[in-house]
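Novice:
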Amino acid sequence: MHVTRKRHLVLVGNGMAGARLLEELLERGASDQFEITVFGDEPYGNYNRIMLSHVLAGEDGEESIYLNEIGWYAENGIELRSGVRVVDVDLPAREVVDATGARTGYDVLVIATGSSPHFPPMDGLRREDGSLLPGVSGFRSLDETRAMLEEARSGHHERAVVIGGGLLGLEAAKGLQNHGLDVTVIHSPQHLMNQQLDADAGAVLRRSIEEAGISVVTGARTTGLTACTEKGRVSGVVLKDGRTFPADMVVVTAGIRPTTDVGLRAGLVVERGIVVDDQMRCVEQPVGSQVYALGECAQHRGETYGLVAPLWEQATVLADVLSGADPDAAYHGSRTSTKLKVAGVDVASIGQSGPVHPEDEHVVFSDVRRGLYQSVVVRDGRLVGATLLGDTRKSAALQQVFDRGLPLPEQRVELLFDLGATAEGSVEDLADDAQVCNCNGVTKGDIRSAVAGGCSSVRGVMDATRAGKGCGSCKDVVGTLVEHAVAAGGGALTEDPSVHWYVPGVPLRKDELVAAIREQHLTSVSAVFAALAPGGTEDAKSKMGLTSLLRTLWPTEFVDERDARFINDRVHANIQRDGTFSVVPQMKGGVTTPDQLRRIADVAEKYGVGMLKVTGGQRIDMLGVTKEDLPKVWADLDMPSGYAYGKSMRTVKTCVGTDYCRFGLGDSTALGIAIEERFQGIETPAKLKLGVVGCPRNCAEAYVKDVGVVAIGGGKWEVYVGGAAGASVRKGDLLATVDSPEAVIALTGRFIQFYRTWGNWLERTYDFVPRLSIERLRLVLVEDSDGMCEQLDAEIDAACAAYRDPWKERDAPDAPGRFSAPALPLLPLPVVPGRPMGAPGGTPREQLPVEVVMPNREALMAGAQQ
Numbered sequence: 001m002h003v004t005r006k007r008h009l010v011l012v013g014n015g016m017a018g019a020r021l022l023e024e025l026l027e028r029g030a031s032d033q034f035e036i037t038v039f040g041d042e043p044y045g046n047y048n049r050i051m052l053s054h055v056l057a058g059e060d061g062e063e064s065i066y067l068n069e070i071g072w073y074a075e076n077g078i079e080l081r082s083g084v085r086v087v088d089v090d091l092p093a094r095e096v097v098d099a100t101g102a103r104t105g106y107d108v109l110v111i112a113t114g115s116s117p118h119f120p121p122m123d124g125l126r127r128e129d130g131s132l133l134p135g136v137s138g139f140r141s142l143d144e145t146r147a148m149l150e151e152a153r154s155g156h157h158e159r160a161v162v163i164g165g166g167l168l169g170l171e172a173a174k175g176l177q178n179h180g181l182d183v184t185v186i187h188s189p190q191h192l193m194n195q196q197l198d199a200d201a202g203a204v205l206r207r208s209i210e211e212a213g214i215s216v217v218t219g220a221r222t223t224g225l226t227a228c229t230e231k232g233r234v235s236g237v238v239l240k241d242g243r244t245f246p247a248d249m250v251v252v253t254a255g256i257r258p259t260t261d262v263g264l265r266a267g268l269v270v271e272r273g274i275v276v277d278d279q280m281r282c283v284e285q286p287v288g289s290q291v292y293a294l295g296e297c298a299q300h301r302g303e304t305y306g307l308v309a310p311l312w313e314q315a316t317v318l319a320d321v322l323s324g325a326d327p328d329a330a331y332h333g334s335r336t337s338t339k340l341k342v343a344g345v346d347v348a349s350i351g352q353s354g355p356v357h358p359e360d361e362h363v364v365f366s367d368v369r370r371g372l373y374q375s376v377v378v379r380d381g382r383l384v385g386a387t388l389l390g391d392t393r394k395s396a397a398l399q400q401v402f403d404r405g406l407p408l409p410e411q412r413v414e415l416l417f418d419l420g421a422t423a424e425g426s427v428e429d430l431a432d433d434a435q436v437c438n439c440n441g442v443t444k445g446d447i448r449s450a451v452a453g454g455c456s457s458v459r460g461v462m463d464a465t466r467a468g469k470g471c472g473s474c475k476d477v478v479g480t481l482v483e484h485a486v487a488a489g490g491g492a493l494t495e496d497p498s499v500h501w502y503v504p505g506v507p508l509r510k511d512e513l514v515a516a517i518r519e520q521h522l523t524s525v526s527a528v529f530a531a532l533a534p535g536g537t538e539d540a541k542s543k544m545g546l547t548s549l550l551r552t553l554w555p556t557e558f559v560d561e562r563d564a565r566f567i568n569d570r571v572h573a574n575i576q577r578d579g580t581f582s583v584v585p586q587m588k589g590g591v592t593t594p595d596q597l598r599r600i601a602d603v604a605e606k607y608g609v610g611m612l613k614v615t616g617g618q619r620i621d622m623l624g625v626t627k628e629d630l631p632k633v634w635a636d637l638d639m640p641s642g643y644a645y646g647k648s649m650r651t652v653k654t655c656v657g658t659d660y661c662r663f664g665l666g667d668s669t670a671l672g673i674a675i676e677e678r679f680q681g682i683e684t685p686a687k688l689k690l691g692v693v694g695c696p697r698n699c700a701e702a703y704v705k706d707v708g709v710v711a712i713g714g715g716k717w718e719v720y721v722g723g724a725a726g727a728s729v730r731k732g733d734l735l736a737t738v739d740s741p742e743a744v745i746a747l748t749g750r751f752i753q754f755y756r757t758w759g760n761w762l763e764r765t766y767d768f769v770p771r772l773s774i775e776r777l778r779l780v781l782v783e784d785s786d787g788m789c790e791q792l793d794a795e796i797d798a799a800c801a802a803y804r805d806p807w808k809e810r811d812a813p814d815a816p817g818r819f820s821a822p823a824l825p826l827l828p829l830p831v832v833p834g835r836p837m838g839a840p841g842g843t844p845r846e847q848l849p850v851e852v853v854m855p856n857r858e859a860l861m862a863g864a865q866q
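Everything in the sequence shown is counted per our numbering, starting at 1 for the first residue and increasing by one.
1. Under the assumption that Val237 contacts Val250 (Cβ atoms under 8 Å), give the Cβ distance between them as a whole number of angstroms.
2. Nearest to Gly616 by alpha carbon, out of Gly61, Glu701, Pro286 and Lys632?
3. Would you mind sorting Leu11 into buried or exposed? The rule is 16 or more other CB atoms within 10 Å of its CB.
4. Relative to the C-alpha of His54, which candidate in Trp634, Tyr44, Arg619 and Tyr66 has its C-alpha closest?
5. Quick check on the DSSP output: the alpha helix (DSSP H) that includes Gly445 runs from which residue to which?
6. Express the C-alpha separation of Ala330 and Asp380 in angstroms, rounding to a whole number.
7. Using a threshold of 8 Å, state whether the C-beta atoms of Leu398 and Ile350 are closer than that.
8. Report buried or exposed for Ala421, applying the criterion of at least 16 other Cβ atoms within 10 angstroms of its Cβ.
9. What residues match up with Leu762 in a beta bridge as DSSP calls it?
10. What is the DSSP secondary structure of Phe34, counted as helix, strand or coil?
11. Excluding five sequence neighbours on each side, which residues of the same chain lie with their C-beta closer than 6 Å to the C-beta of Gly18?
12. Under the rule that 16 or more other beta-carbon atoms within 10 Å means buried, what is Leu779, buried or exposed?
13. Take the Cβ of Leu268 as the centre, count every other Cβ of all protein chains shown within 10 Å, and call the residue buried at 16 or more, exposed below.
14. Within the same chain, show all residues whose beta-carbon is closer than 7 Å to that of Gly175, passing over the 5 residues directly before and after it, in chain order.
15. Pick helix, strand or coil for Ser141, following the three-state DSSP scheme.
16. Around the C-beta of Ser785, are 16 or more other C-beta atoms found within 10 angstroms, so that it is buried, or is it exposed?
17. For Ile796, does the count of other Cβ atoms within 10 angstroms reach 16, so buried, or fall short, so exposed?
18. What residue does the beta strand (DSSP E) around Tyr502 start on, and which one ends it?
19. From the DSSP output, in three-state form, read off Pro741 for me.
20. Pick helix, strand or coil for Ile682, following the three-state DSSP scheme.
21. Short check: CB of Trp761 to CB of Val442, under 8 Å?
22. Just checking, does the segment 123–132 make contact with the segment 93–104 on the three C-beta pairs under 8 Å criterion?
23. Quick check: the Cα distance between Met649 and Leu688, rounded to an integer number of angstroms?
24. To the nearest angstrom, report how far apart Gly624 and Val291 are at their CA atoms.
25. For Ile274, report the span of its alpha helix (DSSP H) as first-last.
26. If you follow the alpha helix (DSSP H) that Met16 is part of, which residue opens it and which one closes it?
27. Verify whether the separation of the beta carbon atoms of Tyr643 and Gly681 is less than 8 Å.
28. Any idea if Gly13 is buried or exposed, counting beta-carbon neighbours within 10 angstroms, 16 or more meaning buried?
29. CB Ile256 to CB Ser137, shorter than 8 Å?
30. Go ahead and pull the three-state DSSP assignment for Glu703.
31. What's the call for Gly15, buried or exposed, on a 16-neighbour Cβ count within 10 Å?
32. Roughly how many whole angstroms lie between the Cα atoms of Thr223 and Ala533?
33. If contacts are defined as beta-carbon pairs under 8 Å, then Leu142 and Tyr44 qualify, I think. What distance do you get, rounded to the angstrom?
34. Mapping the DSSP letters down to three states, classify Thr316 as helix, strand or coil.
35. Can you give me the C-alpha to C-alpha distance between Gly242 and Pro631, rounded to a whole angstrom?
36. Might you give, ordered along the chain, the residues of its own chain that have their beta carbon closer than 8 Å to the beta carbon of Leu311, omitting 5 neighbours on each side?
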């Protein structure tokens, strides 16, 4: 009898994501298909990290947080190698290498290594052997929690300092206080939980924390730790402004970073996390390999997730794929929905905006005269998308149907006009003790009580109960509950006006903000805060947006304040995960010269550049430059900045055009260079990527650029706007067809300036164009219906005339010490013998072929060298 050999599945990582995958696989009968081996760094079974704060506070014992005890693995035929770290993966041999040097073969490999606590650079943080100074701890693992508990209960310590005022830091502070310690929380941003709360909510939270007896210091960065010479352990912390705080214990909760070392050493594609596709398969792996990643270490469509719900969804998809239960299962990222007012019109969008598959049902109601548009998308009997414009009263009910997978009426149109009990009753059917927010333990009854206590807005209820302040996946359900509770009490749901503010720290819409800045002639970020922010209070999250806006309004008068910029803009380079920087010199239209290539090669060798990478924008990226070397690299390159780090016009991608291509209908290369020379460095609400192609074959992907130009023959060019080819994919809308390169440049400048004037901060053109509609843009920019074209042309002229190459700052930095040291500690990766770091699949970096194809025209060469 023929016996089918079981495949060997190796799981690297025994955290919550990995263990959930095991459970999902077992439910699908995968134990009949796989022999499973699990490697876990920690010598335990799987436990709920979210509950560690309860253990620290003494509210729960360790036994209560275990999800799967060690015995569970054996009971289910799973080999658990607890306390064994995997250090490398040999992709060609299909083997993992652990810290003992042992090699374990696999047929299928899943990497679920999670994340690690981030320790900011601080003097005295580590001893000479690299270990943390005694008395200093992170708050990520059971061992760390045990050690903190032991010290807190010892009776030998009086004072503790928690560095980081996010959710985890505040929970650590409360836990330590429960054991009698005097606790101080030191937080670098201006208000607590800045990732989840705005400044006002943070201020309320701070009062509550301080009233509970915990000291709070915000807007203060810890730069060093002091140690007791006699005891050899931490004795205090030192802030950047010179203040010191005594401490017998220090807990660092300054965020997490995906743990990607195994992926990096294996040669997998790693950005912020290990890059995966929709089936959680690692991208660009060798043919025939079956390597997957999920959880906090994985990056999907540009996003990494530190929340539980997305991890559960990823595990479900991967279990379907691996077990064969659904080979076509796909993870599409976190569900998104939005409800806002756009130019005075109410808009709500849930899930998909339109049908994707032929069998999708698409129900649409449109009343152009009244400004109404409503649609729903149904697939396999489930609501997968809804769009409401002009009337969003059904959004909460539709959100419930979408989130909960509620049954749908036979007449799909009833979703728009008569939901009946299908969704309207679903909220009322929940019991008061039903938990709505799993992260913070908030029930439906808690939300009803907050509304009864006077809260009439979703934001107010969230601040009062903390519902939605954890992973955020329950926010839409919370909104529906608030709406029903307010209506049941005879009131009306109020809208938090801050959703319409241009930046969170100034309570004005963009048009109001622009008018006030012009009227009061405010030319600096600090002046805007002083004149327009409540109490003149500065808000760190608002500074970058205000800087961009002021540069747009005052191209020659803007007063630059460097603390109003992100690190990338302060040092004119893109910071990387290890604290080094990426340098991308400008190559107009993607055209370069032998001299430029020699200079890049010489500079790369001189400064030990870690990697040279040809980018998707036809540029060369020099990765791994230290901050102190940046000015010297710029000087030796003697090339302008390529603005790969800024919210600005970045690149113009071109095809070969007419001189060499037999299909070329227009000189795309020369036009692309002219456009890049014209608009180089122009600040915009979000980054701009442009493309010019010499024919509709679209070799430079102009149709999916923020601005794309296509030659169509007869001297004519089509100009498209609002395209995208990243996490969002959208073909641009045709703005106009023009009859000369000069007309292309004029219309491009007019669109860019209009976008600069009316685009929201961080709003990409692929959102901006649909928001205003291409019809409206044609009226304003092509037909001049509002009589503003002349003004737009003059404003973009002034902005272009004010251009200064930021890399010239190498001659006179704006601040002493600007480039004196790395921004973050460098984290060198251990080198595996025989495999250079960063080389895909173990291929030595010097053997990776790089080919640059270059039109050999003197005029273009001259233009590229200028």
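All C-beta atoms in this analysis are idealised placements derived from N, C-alpha and C, irrespective of residue type, glycine included.
Specialist: So, from the data block:
1. For the purposes of this step, residue 237 is identified with residue 237 of the sequence shown, where counting begins at 1. For the purposes of this step, residue 250 is identified with residue 250 of the sequence shown, where counting begins at 1. Contact between Val237 and Val250 holds: CB atoms are separated by about 6 Å, below the 8 Å threshold.
2. Mapped onto the sequence shown, residue 616 falls at position 616. Of Gly61, Glu701, Pro286 and Lys632, the residue nearest in Cα terms is Glu701.
3. Within the sequence shown, the letter at position 11 stands for residue 11. So Leu11 ends up on the buried side.
4. As a first step, residue 54 is located in the sequence shown; it is residue number 54 there, counting from the start. That would be Tyr66, whose Cα lies nearest to the Cα of His54.
5. Here residue 445 refers to the residue found at position 445 of the sequence shown. For Gly445, the uninterrupted alpha helix (DSSP H) segment begins and ends at Lys444 to Ala452.
6. Within the sequence shown, the letter at position 380 stands for residue 380. Within the sequence shown, the letter at position 330 stands for residue 330. Straight-line Cα distance between these residues: approximately 15 Å.
7. As a first step, residue 398 must be located in the sequence shown, where it is residue number 398. As a first step, residue 350 must be located in the sequence shown, where it is residue number 350. Contact: yes.
8. For the purposes of this step, residue 421 is taken as the residue at position 421 of the sequence shown. Only weak support exists for where Ala421 lies, its pLDDT of 37 falling under 50; the value from the coordinates is given anyway. Exposed, by the Cβ-count rule.
9. Translated into positions along the sequence shown, residue 762 becomes position 762. Paired residue(s): none; Leu762 is not in a bridge.
10. Position 34 of the sequence shown, counted from the first residue, corresponds to residue 34. Strand, per DSSP.
11. The count along the sequence shown starts at 1 and reaches residue 18 at position 18. For Gly18, where only same-chain residues beyond five positions count, the Cβ hits under 6 Å are Leu11 and Ala112.
12. What you label residue 779 is simply residue 779 of the sequence shown in a count that begins at 1. Leu779 should be labelled exposed.
13. Within the sequence shown, residue 268 is the residue found at index 268, counting from 1. With 16 or more other Cβ atoms within 10 Å, it is buried.
14. Residue numbering aside, residue 175 sits at position 175 when the sequence shown is read from its first letter. For Gly175, the CB contacts under 7 Å within the same chain, skipping 5 residues up- and downstream, are Ser53, Leu56 and Ala57 in chain order.
15. Position 141 of the sequence shown, counting from 1, holds the residue named residue 141. It is coil, neither helix nor strand.
16. Working through the sequence shown from its first residue, we reach residue 785 at position 785. Classification of Ser785: exposed, given that the 10 Å Cβ count is below 16.
17. Walking along the sequence shown from the start, residue 796 turns up at place 796. Buried: at least 16 other Cβ atoms inside 10 Å.
18. The sequence position of residue 502 within the sequence shown is 502, counting from 1. Premise fails: Tyr502 is in no beta strand (DSSP E) and is neither H nor E.
19. Reading the sequence shown from its first residue, position 741 is the one you call residue 741. DSSP places Pro741 in helix when its eight states are reduced to three.
20. Residue 682 sits at position 682 when you count from the first residue of the sequence shown. Residue state for Ile682 is assigned as coil, using DSSP reduced to three classes.
21. Your numbering for residue 761 matches position 761 in the sequence shown. Your numbering for residue 442 matches position 442 in the sequence shown. For Trp761 and Val442, no; Cβs fall outside 8 Å.
22. Contact between the segment 123–132 and the segment 93–104 is not established, with fewer than three Cβ pairs separated by less than 8 Å.
23. Along the sequence shown, one-based indexing puts residue 649 at 649. Along the sequence shown, one-based indexing puts residue 688 at 688. Counting only the Cα atoms, Leu688 lies some 5 Å from Met649.
24. Against the sequence shown, residue 624 aligns to sequence position 624. Against the sequence shown, residue 291 aligns to sequence position 291. Between Gly624 and Val291, the C-alpha separation is close to 27 Å.
25. One-based indexing of the sequence shown puts residue 274 at position 274. No alpha helix (DSSP H) holds Ile274; the beta strand (DSSP E) holding it covers Ile274 to Val276.
26. On the sequence shown, position 16 is the one that residue 16 refers to. Here the alpha helix (DSSP H) through Met16 covers Met16 to Glu27.
27. Residue mapping note: residue 643 aligns to position 643 of the sequence shown, counting from 1. Residue mapping note: residue 681 aligns to position 681 of the sequence shown, counting from 1. Between Tyr643 and Gly681, the C-beta gap is smaller than 8 Å, which places the two residues in contact.
28. Numbered from 1 along the sequence shown, position 13 holds the residue referred to as residue 13. So Gly13 ends up on the buried side.
29. Taking the first residue of the sequence shown as position 1, residue 256 is located at position 256. Taking the first residue of the sequence shown as position 1, residue 137 is located at position 137. Going by C-beta atoms, Ile256 is not nearer than 8 Å to Ser137.
30. On the sequence shown, residue 703 is found 703 positions in, with the first residue counted as 1. It is worth fixing the name first, because residue 703 is Tyr in this sequence and not Glu. In the displayed model, Tyr703 falls within a helix according to three-state DSSP.
31. Here the question's residue 15 lines up with position 15 in the sequence shown. Buried, since its Cβ has 16 or more Cβ neighbours within 10 Å.
32. Translated into the one-based positions of the sequence shown, residue 223 becomes position 223. Translated into the one-based positions of the sequence shown, residue 533 becomes position 533. The alpha-carbon of Thr223 is positioned some 30 Å away from that of Ala533.
33. For the purposes of this step, residue 142 is taken as the residue at position 142 of the sequence shown. For the purposes of this step, residue 44 is taken as the residue at position 44 of the sequence shown. Your pair Leu142 and Tyr44 checks out as a contact, with CB atoms roughly 6 Å apart and the cut at 8 Å.
34. Residue mapping note: residue 316 aligns to position 316 of the sequence shown, counting from 1. In the three-state scheme derived from DSSP, where H, G and I count as helix and E and B as strand, Thr316 is classed as helix.
35. Working through the sequence shown from its first residue, we reach residue 242 at position 242. Working through the sequence shown from its first residue, we reach residue 631 at position 631. C-alpha separation (whole angstroms): 29 Å.
36. Reading the sequence shown from its first residue, position 311 is the one you call residue 311. Answer for Leu311: Met16, Ala17, Arg20, Leu294, Gly295, Glu296 and Tyr305, listed in chain order.
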